[in-house]
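*Asks:* My numbering applies: residue 5 is where the sequence shown begins, and numbers increase by one. Each residue gets a CB set at the ideal place from its N, CA and C atoms; glycine is no exception. What follows is a single structure, and I will ask about it in a moment.
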Amino acid sequence: MQHIIIIGGGIVGLATGLKILERNPALKVTVLEKEQELAKHQTGNNSGVIHSGLYYKPGSLKATNCIQGYHDLINFCQTEEIPFELTGKVVVATRTEQVPLLNNLLKRGIENGLEGTREISLTELREYEPHCAGVAAIFVPQTGIVDYKKVAETYGKKFQEKGGTIHLGQKVNKAKTVNGKVEVITSNNVFAADLVINCAGLYSDKIAEMITGEKSTVKIIPFRGEYYKLKKEKEYLVKNLIYPVPDPNFPFLGVHFTRMMKGGVEAGPNAVLAFKREGYKRTDVNLSELAESLAWPGFQKVACKYWKTGMGEMYRSFSKAAFTKALQELIPELTEDDLVDGGAGVRAQACDRDGGLVDDFSIKESTHSINVLNAPSPAATSSLSIGNTIAEMALKRF
Ligand SMILES: Cc1cc2nc3c(=O)[nH]c(=O)nc-3n(C[C@H](O)[C@H](O)[C@H](O)COP(=O)(O)OP(=O)(O)OC[C@H]3O[C@@H](n4cnc5c(N)ncnc54)[C@H](O)[C@@H]3O)c2cc1C
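The following block contains the structure:
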């Protein structure tokens, strides 16, 4: 029987496994995950937002997969009775120079087919978010919230019900091709596969090099996103989701307020270089991983170009007062005292040699593998659509 191995038990790997077995239940499909639980990294530490498709270049993989993935995710949550809410969100310009960017965003949303997304007056903004200030705003009714760890675990459950196998605690350390099959060597086992699908998130470049035996053309640069939480008695300051106008040169959305499905309101995330790929704390350092990021020519170019933005983010990481100041642009009455620590997530952001932070999703095929080399936000929203795309690529081979 043909055997497909998926490396990585995050939301993308699990959605891929599920979609392959939905299309061809006769295949043997195994997910190898290094942790003792599913979805421990990006999937388990994200903002929990069901993105509408507002931000992405029409026709890009992000736009098409987010819009399709949005509908697939909502259907899945309804069928599996996973709680979610379509809360809508406001995107707010707080300075007049941001207004043209906000208008471009609205235009893009309309091009991406977002019905009902519209400019709102400041009176309406106050109705949606009574404590929010700005000079112009748009409302996006499609946006929602969900707990992605729960979604990923349910993908895992459905995948197993369809005959898939998940092995936890299996860190893939090596891979080699022997007689047309790939031998995948983990800390305590050897698995043979006809096809390997690499969904290893923060380590996807490393795994791609292992499987293909070729130097990767992109490097994963880990960007930590730190959150604060609103104190319980201050949660009234945010009704749903409040976003700033993002800097179009940067792949991150800027610090925002998000009501979470599991309760509470998060403020953040910022974006600072993590000194370790799975470095959730400022003190987490892995010298060889840090040296690799700093030595990557593409990262050096990004650092030269955006050093001012980067320093600002770094400063906000160390100074709660500065973080609060950034948030006060959206909610002026917020004080430093209203915020408590809220944890962090680390984004796997692919960076090419020439200094481009890869904007779109990137999935590359080679002889015995399919490698997901860039799956940042909105990959959780888009997961079922990405899974379907990869399943199609995989099944063409059998
Ligand atoms: C701070 C933050 C906020 C975000 N907010 C949103 C949001 O609101 N909405 C949205 O749609 N998206 C959001 N995203 C993006 C989204 O979370 C990610 O795009 C998505 O989770 C990527 O899933 P993944 O399966 O590719 O990666 P991961 O969830 O990181 O999974 C990869 C898995 O591979 C495993 N692995 C790695 N190396 C090995 C190895 N050698 N052997 C075996 N296993 C291995 C890891 O342990 C991990 O479980 C956010 C991301 C972050 C970090």
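Whose CA, out of Pro-273, Lys-23, Cys-70, lies closest to the CA of Gly-160?
*Replies:* Here residue 160 is taken as the residue at index 156 of the sequence shown, counted from 1. Among Pro-273, Lys-23, Cys-70, the Cα nearest to that of Gly-160 is on Lys-23.
*Asks:* I need the boundaries of the beta strand (DSSP E) containing Thr-190, first residue and last residue.
*Replies:* What you label residue 190 is simply residue 186 of the sequence shown in a count that begins at 1. 185–190 is the extent of the beta strand (DSSP E) around Thr-190.
*Asks:* Kindly indicate which residue of Ile-215, Gly-391, Ser-297, Asn-177 has the alpha-carbon position closest to the one of Cys-70.
*Replies:* Along the sequence shown, one-based indexing puts residue 70 at 66. Residue Gly-391 is the option with its Cα nearest to Cys-70.
*Asks:* What did DSSP end up calling Gly-205 once you bin it into helix, strand or coil?
*Replies:* Within the sequence shown, numbered from 1, the residue matching residue 205 stands at position 201. Three-state result, Gly-205: helix.
*Asks:* Taking a contact to mean a Cβ-Cβ separation below 9 Å, would you say Val-222 touches Asp-364 in this structure?
*Replies:* For the purposes of this step, residue 222 is taken as the residue at position 218 of the sequence shown. For the purposes of this step, residue 364 is taken as the residue at position 360 of the sequence shown. No, Cβ-Cβ distance for Val-222 and Asp-364 is not below 9 Å.
*Asks:* Quick check on Ala-348: does DSSP put it in helix, strand or coil?
*Replies:* Along the sequence shown, read from residue 1 onward, the residue named residue 348 stands at position 344. Strand.
*Asks:* By the 10 Å Cβ neighbour count, where 16 or more other Cβ atoms means buried, how is Ala-30 classified, buried or exposed?
*Replies:* Translated into positions along the sequence shown, residue 30 becomes position 26. Exposed is the call here.
*Asks:* Measuring CB to CB, does Ile-9 end up less than 9 Å from Thr-34?
*Replies:* Residue mapping note: residue 9 aligns to position 5 of the sequence shown, counting from 1. Residue mapping note: residue 34 aligns to position 30 of the sequence shown, counting from 1. Contact flag set, yes.
*Asks:* Between Lys-243, Lys-153, Thr-190, which lies nearest to His-171 when the distance is taken from Cα to Cα?
*Replies:* Here residue 171 refers to the residue found at position 167 when the sequence shown is read from its first residue. The shortest C-alpha separation from His-171 is found at Thr-190.
*Asks:* By DSSP's criteria, Thr-262 is part of a beta bridge. Which residues make up the other side?
*Replies:* Within the sequence shown, the letter at position 258 stands for residue 262. Beta-bridge pairing links Thr-262 to Leu-245, Glu-270.
*Asks:* Taking just the CA atoms, how far does Val-259 sit from Asp-342?
*Replies:* Residue 342 sits at position 338 when you count from the first residue of the sequence shown. Residue 259 sits at position 255 when you count from the first residue of the sequence shown. One C-alpha to the other measures close to 16 Å.
*Asks:* Quick check on the burial criterion: 16 or more other C-beta atoms within 10 angstroms. Buried or exposed for Met-214?
*Replies:* Taking the sequence shown and counting its residues from 1, one reaches residue 214 at position 210. Buried.
*Asks:* Since Gly-92 and Thr-147 should fall inside the 8 Å C-beta cutoff, what is the C-beta to C-beta distance between them, to a whole number of angstroms?
*Replies:* Your numbering for residue 92 matches position 88 in the sequence shown. Your numbering for residue 147 matches position 143 in the sequence shown. That pair is a contact at about 6 Å.
*Asks:* Cα-Cα, which of Lys-400, Val-96, Ser-387, Phe-402 is closest to Asp-76?
*Replies:* Working through the sequence shown from its first residue, we reach residue 76 at position 72. Checked all of Lys-400, Val-96, Ser-387, Phe-402; the closest Cα to Asp-76 is Ser-387.
*Asks:* Compare the C-alpha of Tyr-247 against each of Leu-129, Lys-324, Asn-193, Val-362 and name the closest.
*Replies:* Mapped onto the sequence shown, residue 247 falls at position 243. Residue Leu-129 is the option with its Cα nearest to Tyr-247.
*Asks:* Is Tyr-247 near ligand 1, judged by its Cβ being under 8 Å from some heavy atom?
*Replies:* On the sequence shown, position 243 is the one that residue 247 refers to. For ligand 1, not one heavy atom lies less than 8 Å from the Cβ of Tyr-247.
*Asks:* Just confirm the distance between the C-beta atoms of Leu-2 and Ala-156, as a whole number of angstroms; I'd bet it's less than 8 Å.
*Replies:* In the structure as shown, the chain starts at 5 and stops at 402, and residue 2 therefore has no counterpart that could be examined.
*Asks:* Between the C-alpha atoms of Arg-281 and Lys-66, what's the straight-line distance to the nearest angstrom?
*Replies:* The residue you call residue 281 lines up with position 277 of the sequence shown. The residue you call residue 66 lines up with position 62 of the sequence shown. Using only the alpha carbons, I get a separation of about 23 Å.
*Asks:* Rounded to a whole number of angstroms, what is the C-alpha to C-alpha distance between Tyr-232 and His-372?
*Replies:* By 1-based counting over the sequence shown, the position of residue 232 is 228. By 1-based counting over the sequence shown, the position of residue 372 is 368. Going by the C-alpha atoms only, they are around 43 Å apart.
*Asks:* Is His-45 near ligand 1, in the sense that its beta carbon is under 8 Å from a heavy atom of that ligand?
*Replies:* Position 41 of the sequence shown, counting from 1, holds the residue named residue 45. Yes - ligand 1 has a heavy atom lying nearer than 8 Å to the Cβ of His-45.
*Asks:* Run the proximity test for Ala-3: is its beta-carbon closer than 8 Å to any non-hydrogen atom belonging to ligand 1?
*Replies:* There is no way to answer for residue 3, as the model of the chain reaches only from 5 to 402.
*Asks:* Buried or exposed: which applies to Cys-203, given that a residue is buried once 16 or more other Cβ atoms fall within 10 Å of its Cβ?
*Replies:* The sequence position of residue 203 within the sequence shown is 199, counting from 1. By the neighbour-count rule (16 or more Cβ atoms within 10 Å), Cys-203 is buried.
*Asks:* Just mark Gly-229 as buried or exposed, buried being the case when its beta carbon has 16 or more other beta carbons within 10 Å.
*Replies:* Here residue 229 is taken as the residue at index 225 of the sequence shown, counted from 1. Result: buried.
*Asks:* Among the candidates Ile-11, Ile-394, Val-306, Glu-26, whose CA atom is the shortest distance from the CA of Glu-165?
*Replies:* To locate residue 165, count along the sequence shown from 1; it is residue 161. Taking only the C-alpha atoms, the option nearest Glu-165 is Glu-26.
*Asks:* Using CA atoms only, rank isn't needed, just tell me which of Ala-97, Ala-398, Asn-244, Val-249 is closest to Met-265.
*Replies:* Looking up residue 265 in the sequence shown gives position 261. It is Asn-244.
*Asks:* Rounded to a whole number of angstroms, what is the C-alpha to C-alpha distance between Pro-252 and Gln-102?
*Replies:* Counted from its first residue, the sequence shown places residue 252 at position 248. Counted from its first residue, the sequence shown places residue 102 at position 98. For Pro-252 and Gln-102, the distance between alpha carbons rounds to 11 Å.
*Asks:* Mind checking who Glu-115 pairs with in its DSSP beta bridge?
*Replies:* Here the question's residue 115 lines up with position 111 in the sequence shown. According to DSSP, which records beta bridges pairwise, Glu-115 is partnered with nothing at all.
*Asks:* Looking at ligand 1, does it come within less than 8 Å of Gln-146, judged from the CB to the closest heavy atom?
*Replies:* Taking the first residue of the sequence shown as 1, we reach residue 146 at position 142. Checking every heavy atom of ligand 1 against the Cβ of Gln-146, none is found closer than 8 Å.
*Asks:* I need the boundaries of the beta strand (DSSP E) containing Thr-147, first residue and last residue.
*Replies:* Residue mapping note: residue 147 aligns to position 143 of the sequence shown, counting from 1. Premise fails: Thr-147 is in no beta strand (DSSP E) and is neither H nor E.
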